[in-house]
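Only one structure is covered here, and it is reproduced in the block below.
Number of protein chains: 2
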Amino acid sequence: MTDEFDISRIDDVIHGRVRLGIMAVLSGVDSADFNTLKARLQATDGNLSVHLRKLEEAGFVAVTKRFEGRKPLTEASMTPVGRRAFVAYLDAMQGLVGKA
Amino acid sequence: MTDEFDISRIDDVIHGRVRLGIMAVLSGVDSADFNTLKARLQATDGNLSVHLRKLEEAGFVAVTKRFEGRKPLTEASMTPVGRRAFVAYLDAMQGLVGKA
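Protein chains in written order, with my numbering: chain A, 1 to 100; chain B, 1 to 100.
Next up, the structure:
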């Protein structure tokens, strides 16, 4: 299996635990708001913001801010580039997890 | 799949890319020497040492040093505790990778 698993293929932008969680959640939905992500990942505001920003900078996630009435709403969604990177990441991990 | 994947189940000691690589290599062999690990993971001496030490401190890897003739030889092997932790890690990742 070690021939199939190559750590150089693991995208560190995605591999970080919180970022991996964000990508996993977003892979299954059109978009998710900040509070939903926070609850799902049991992350703090600051921690989630930092990791969303990093995914946004990589072009993997699009973040939009709008108002719903008086309440600001931050929504995140996976971009097509992000989806390709996520699929490549899962593929890189496949050889490892297939060992279980 | 997001119901099956829970980032709180990911062991950060194992999740780090180099440490994950060490565990993956050691999972398939009785033991591996330092230079083999270095080559397989394309790691520097310092980087590999740091991560081996962290796995050793967690009790996941046993490191022995001996001489082969005049040459010092450092060998690492996975402990039973490490094997259980690695299996639990793979299990935690299974729900994610099953999506691919």
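Backbone N, C-alpha and C define an ideal beta-carbon position, used for all residues, glycine too.
Give the straight-line distance between the Cα atoms of residue i and residue j, rounded to the nearest whole angstrom.
i      : j     : result
G98/B  : D91/B : 11 Å
T36/A  : D45/A : 11 Å
A62/B  : F67/A : 55 Å
V102/A : R9/A  : Since the first residue of chain A shown is 1 and the last is 100, residue 102/A is not available in this structure.
V50/B  : Y89/A : 25 Å
L70/B  : D11/A : Residue 70/B is actually Arg in this sequence, not Leu. Using only the alpha carbons, I get a separation of about 40 Å.
N47/A  : L55/A : 13 Å
L26/B  : F34/B : 11 Å
I7/B   : A43/B : 27 Å
L52/A  : P72/B : 46 Å
F5/B   : D30/A : 18 Å
T64/B  : G59/A : 44 Å
G28/A  : L96/B : 11 Å
A32/A  : Q94/B : 23 Å
K38/A  : E57/A : 19 Å
L41/A  : L41/B : 30 Å
A24/A  : A24/B : 23 Å
In the DSSP assignment, what are the bridge partners of residue i?
i     : result
R40/A : Paired residues: none, contrary to the question.
V61/B : M78/B
F67/B : P72/B
D33/A : E75/A
Over the uninterrupted beta strand (DSSP E) stretch that includes residue i, give me the two end residues.
i     : result
S77/B : 71 to 78
In chain A, which residues lie less than 7 Å from residue i when you measure between Cβ atoms?
i     : result
R17/B : I7, I10, D12, H15
M93/B : M93, V97
Which bits of chain B does residue i rub up against, with CB to CB less than 8 Å?
i     : result
V81/A : Per Cβ cutoff of 8 Å: no residues; V81/A is ~17 Å from chain B at best.
Could you check where the alpha helix (DSSP H) with residue i kicks off and where it finishes?
i     : result
D12/A : 12 to 15
In chain A, which residues lie with their C-beta within 8 Å of the C-beta of residue i?
i     : result
G21/B : F5, I7
L41/B : I7
Run through chain A and tell me which residues come within less than 9 Å of residue i, C-beta to C-beta.
i     : result
L48/B : Those do not exist, as L48/B stays about 12 Å from chain A at its closest Cβ, beyond 9 Å.
Between residue i and the ligand SAM, is the CB less than 6 Å from at least one heavy atom?
i     : result
V63/A : Questions concerning the ligand SAM fall outside what the structure shown contains, since it holds no ligand whatsoever.
**Message:** Any contact between the stretch 60 to 77 of chain B and the stretch 81 to 96 of chain A? By contact I mean 3 or more CB pairs, one from each, below 8 Å.
**Reply:** no
**Message:** Does the stretch 6 to 19 of chain A come into contact with the stretch 16 to 23 of chain B, if we say contact requires no fewer than three beta-carbon pairs (one atom in each stretch) closer than 8 Å?
**Reply:** yes
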